[in-house]
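Working notes for the structure below.
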Amino acid sequence: MAADTPLPPLRLGDVVGALALGQVVESRADGVHVGDVVTPLGGWCEETVLPAGAVRRVPDMPVAESAFLNVLGYPGITAYFGLFDVARARRGDVVFVSGGGGAVGTAVIQMAKAEGMTVIASAGGPEKCAPVSKLGADMAIDYKGPQPIGDALREAASDGIDVYFANVGGDHLDAALAVAHPRARFAMCGMVSGYNSGSRAPIPHLDRVISAEITLRGFEVFSFLDRLAEFHSAAGECVLRMR
Ligand SMILES: NC(=O)c1ccc[n+]([C@@H]2O[C@H](COP(=O)([O-])OP(=O)(O)OC[C@H]3O[C@@H](n4cnc5c(N)ncnc54)[C@H](OP(=O)(O)O)[C@@H]3O)[C@@H](O)[C@H]2O)c1
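This is how it looks when you write it as structure tokens:
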């Protein structure tokens, strides 16, 4: 069976794929002008030739262009649709996000805070927890600290969680299942702890999916790329309210 992955593996010499930012230096297409700043799907390279349909002009927004590489780029798109569409997170929710110091996690923290949620985030070590708190997380859990993540989350989320934004599987997923409210919603974005280990950690609390009617929904950001206009409009508002 073919691997269930949206992108083929890279070979030596391949361009690294990404929603990169570029400037048009030559154009033969209507509506694409020299000087336009665009988000081409051509990946990271000095120069590329693309069909007009493959590039989108970045919207005029009072943000630095570099924002279209992070919070208004792939990490932000993943965070936005994962949080609001997949997990249906809303004001007042208690959200646990793992990988809180990563590209997606930092965007999730800021978007959830901008929309009035309580955020608990995990990160590895005090040097990662400090910026996570500075971004607005109400509580930062050091998953490399002496306390196992399950105990630390039980303490931090003494009233339970409504949403788990999963960048990490294994022990983090199990910890989230253990404290999830009935009908909690989990956005299954990534399971980074298991990517290279070659083994899968047991999930002793998986049966709570049934007894507490918890929804686990996996998603790929590529499924949402036809909604970029909506993202730039709604997330843009959200980004402008971020700290
Ligand atoms: N579904 C999608 O469409 C989609 C799109 C983009 C990304 N993703 C996934 O989302 C996740 C985050 O992506 P990203 O771009 O934010 O990656 P990133 O910037 O590399 O961040 C990954 C984070 O994961 C944490 N981490 C790594 N190993 C860990 C472990 N064993 N236990 C606990 N935490 C661990 C790291 O935390 P510390 O550095 O604090 O230790 C790091 O902050 C990944 O799983 C990625 O595959 C999915």
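First residue of the sequence shown: 450, per my numbering; consecutive thereafter. Cβ coordinates follow ideal geometry from the N, Cα and C atoms, glycine included. Only a predicted model underlies this, so the values are computations on that prediction, with no experimental measurement involved.
Could you give the DSSP three-state label for residue i: helix, strand or coil?
i	result
residue 450	At residue 450 the pLDDT is 43, less than 50, meaning the model places this residue with poor confidence and gives no usable figure here.
residue 523	helix
residue 681	helix
residue 472	strand
residue 607	coil
residue 629	strand
residue 464	coil
residue 594	coil
residue 560	helix
residue 498	coil
residue 668	coil
Could you tell me which of the options sits nearest to residue i, measuring between CA atoms?
i	options	result
residue 678	462, 529 and 465	529
residue 586	605, 599, 487 and 595	605
residue 547	687, 461, 591 and 471	591
residue 477	465, 466 and 500	500
residue 537	670, 634, 643 and 466	634
residue 503	491, 496, 509 and 511	491
residue 688	556, 669 and 508	556
residue 662	644, 676, 632 and 682	632
residue 636	533, 643 and 623	533
residue 624	505, 646, 648 and 656	656
residue 617	570, 672 and 462	570
residue 642	676, 669, 668 and 593	593
residue 674	484, 553, 523 and 607	523
residue 508	495, 496, 494 and 488	488
residue 597	622, 560, 638 and 510	622
residue 683	510, 670 and 518	510
Using only the alpha-carbon positions, how far apart do residue i and residue j sit?
i	j	result
residue 577	residue 514	25 Å
residue 451	residue 459	Bear in mind that the predicted position of residue 451 carries a pLDDT of just 46, short of 50, making it unreliable; the figure below should be weighed with that in mind. Their Cα atoms are separated by approximately 16 Å.
residue 640	residue 516	25 Å
residue 629	residue 603	10 Å
residue 471	residue 651	44 Å
residue 665	residue 584	26 Å
residue 659	residue 498	51 Å
residue 482	residue 474	8 Å
residue 581	residue 572	8 Å
residue 520	residue 526	7 Å
residue 563	residue 681	15 Å
residue 566	residue 676	24 Å
residue 589	residue 479	49 Å
residue 464	residue 552	21 Å
Any beta carbon from chain C within less than 9 Å of residue i's own beta carbon?
i	result
residue 594	The displayed structure is made up of one protein chain only, and chain C is not part of it.
On the three-pair Cβ rule with 8 Å, is the stretch 536-545 touching the stretch 612-625? With the cut-off at 8 Å, the stretch 536-545 and the stretch 612-625 touch.
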